[in-house]
Amino acid sequence: MTEVLVRDGSWTFNGDVIRIVPAKERGVNKLRQALGELVVPLAAVAGIAYQPARKGGQLRLRMREGTDPFSHATGGRLPEAADPYRLTIDADRTGVAEYFADEVRAALLAEGVPDGPSDRFLLPGPPVPLTANASDALITFDGDVILVEFNWAADTAKRKAGPQRIALADLAAVEWIPNGGMENGRLRFTRRDEPSTRPPIKHDPASVVLWGLDKETRTVALLVTAVVARLPHPLAEPPQVEAAPKDDDHDVVLRRLRELGALHRDGVLTDDEFTAAKQALLKRL
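Under my numbering, read the sequence shown as residues 23 to 307, first letter to last.
Structural data, given as structure tokens:
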């Protein structure tokens with residue numbers, strides 16, 4: 023087993039998984055601490071690198087696309103300090119960090135782990151229930167239903183619409199854009215039957231406004247990750263749609279219907295058997 027233990031946290035590798043534990047020190051990003059311990063299967067890793075600096079350096083894990091719901095949900099929109107796959111290395115631990123990276127790279131090569139995308143998540147999302155703070159609402163997610171409860175800061179149209187309950191089974195997508203500069207962020211839920219034209223975020227009952235407070239960003243990141251982890255995988259193959267029957271298929275079905283009619287007239291098939299067989303054939307037309 024290989025381990026890097028520094029003030030920023032610890033990474034441990036046993037040949038199969040990398041166990042990432044953020045430190046509880048005050049200077050460690052609170053989102054990393056909220057995520058807690060992460061167990062990363064080797065199959066979820068695309069690469070690892072140690073980047074030296076004037077004092078110490080940084081160990082960086084590169085995840086395969088589609089293996090981690092947190093990376094998919096946040097989409098590189100968070101500051102580096104909030105990235106759970108980066109570890110700041112103390113000056114006296116650089117040799118250990120380099121050795122750790124070499125061990126992981128050797129295992130990736132030996133196991134033949136591809137660096138391409140995956141069509142399923144290899145890490146789970148955060149446990150539920152979760153609560154997230156937005157500027158104009160409180161959002162909760164219990165694994166099945168998203169509840170949006172608007173507060174005094176919400177637009178009149180939102181407060182008039184009342185609390186929004188969005189079943190996960192009815193959810194088509196979730197869009198999260200943190201605030202940037204003077205622009206507010208947003209969190210928008212899209213139902214499967216949502217109309218193509220929607221009101222602005224400020225007035226949309228299926229959306230909330232984000233001012234960008236640290237706690238707000240942290241709780242929303244966790245909640246969005248939990249939702250994403252429970253939605254159909256974005257890179258999974260869409261369900262196959264049965265192709266429309268060809269003209270010769272129609273001829274086959276019609277011929278078979280005539281044969282069934284003859285069998286029914288001759289008493290070989292009962293009324294129920296004939297009806298069931300006929301309905302099955304008709305579905306193919």
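Note that CB positions come from ideal geometry on N, CA and C, so glycine has one too.
query, result
"Which residues share a DSSP beta bridge with PRO106?", "BP columns for PRO106 are empty, so no partner."
"Using the C-alpha atoms, what's the distance from VAL26 back to GLN73?", "15 Å"
"Please name the residue or residues paired with TRP33 in a DSSP beta bridge.", "VAL26 and ILE42"
"Just to confirm, is the Cβ distance from ALA156 to LEU190 under 8 Å?", "no"
"To the nearest angstrom, report how far apart ARG86 and ASP114 are at their CA atoms.", "30 Å"
"Figure out for me which residue from LEU64, ASN51 and LEU53 has the closest Cα to the Cα of ASP361.", "Absent from the model: residue 361. The displayed extent of the chain is 23 to 307, so no value can be given."
"Can you give me the start and stop residues for the beta strand (DSSP E) that PRO63 sits inside?", "60 to 63"
"I think THR96 touches LEU145, with their Cβ atoms under 8 Å apart; what is that distance to the nearest whole Å?", "THR96 to LEU145, Cβ: 13 Å. No contact."
"Using the C-alpha atoms, what's the distance from LEU279 back to VAL250?", "48 Å"
"Using a threshold of 8 Å, state whether the C-beta atoms of LEU53 and ALA243 are closer than that.", "yes"
"Within 10 angstroms of its Cβ, does LEU83 collect 16 or more other Cβ (buried), or is it exposed?", "buried"
"Let me make sure I understand the geometry here. Which of GLN301, ASN201, ALA299 and TRP33 has the alpha-carbon closest to that of GLU120?", "TRP33"
"Go to GLY207, then tell me how far its alpha helix (DSSP H) extends in each direction, as first and last residue.", "Careful: GLY207 lies outside any alpha helix (DSSP H), inside the beta strand (DSSP E) at 207 to 213."
"Compare the beta carbon distance of ASP158 and PHE172 with 8 Å and say whether it is the shorter of the two.", "yes"
"Classify ARG240: buried if its beta carbon has 16 or more other beta carbons within 10 angstroms, exposed otherwise.", "buried"
"Can you tell me whether LEU152 is buried or exposed? The criterion is at least 16 other CB atoms within 10 Å of its CB, across all chains shown.", "buried"
"Near TRP174, what residues of its chain come up, given a Cβ to Cβ distance below 8 Å and the 5 sequence neighbours on each side ignored?", "none"
"Per DSSP, what are the beta-bridge partners of GLU197 in this structure?", "ARG210"
"Please state whether the Cβ-Cβ distance between PRO91 and PHE143 is less than 8 Å.", "yes"
"Nearest CA to the CA of LEU257: which residue from GLU47, SER140, ARG76 and VAL118?", "SER140"
"Who pairs with GLN80 in a beta bridge, going by DSSP?", "GLN73 and THR110"
"What's the gap between the Cα of ARG213 and the Cα of ILE168?", "11 Å"
"Buried or exposed for GLN186, going by 16 or more other Cβ atoms inside 10 Å?", "buried"
"Suppose the cutoff is 6 Å on Cβ atoms and the five residues either side in sequence are ignored; what does the same chain contact list for ASP226 look like?", "ARG220"
"Does the beta-carbon of VAL274 have 16 or more other beta-carbons within 10 angstroms, so that it is buried, or is it exposed?", "exposed"
"With a cut-off of 8 Å on the beta carbons, I'd call ALA128 and LEU81 a contact; round off their distance for me.", "In fact, because the Cβ distance is near 16 Å, the residues do not count as touching under 8 Å."
"With 16 as the cutoff for other CB atoms within 10 Å, does GLU59 come out buried or exposed?", "exposed"
"Of all the options HIS94, LEU285, ARG41 and ILE188, which has the alpha carbon lying nearest to the alpha carbon of ASP215?", "ILE188"
"Does the beta-carbon distance from ASP112 to VAL43 come in below 8 Å?", "no"
"By Cβ distance below 7 Å, which residues in the same chain neighbour VAL231 in space, the five residues on each side in sequence not counted?", "ALA156, SER157, ASP158, ASN206, ARG208, ILE223 and LYS224"
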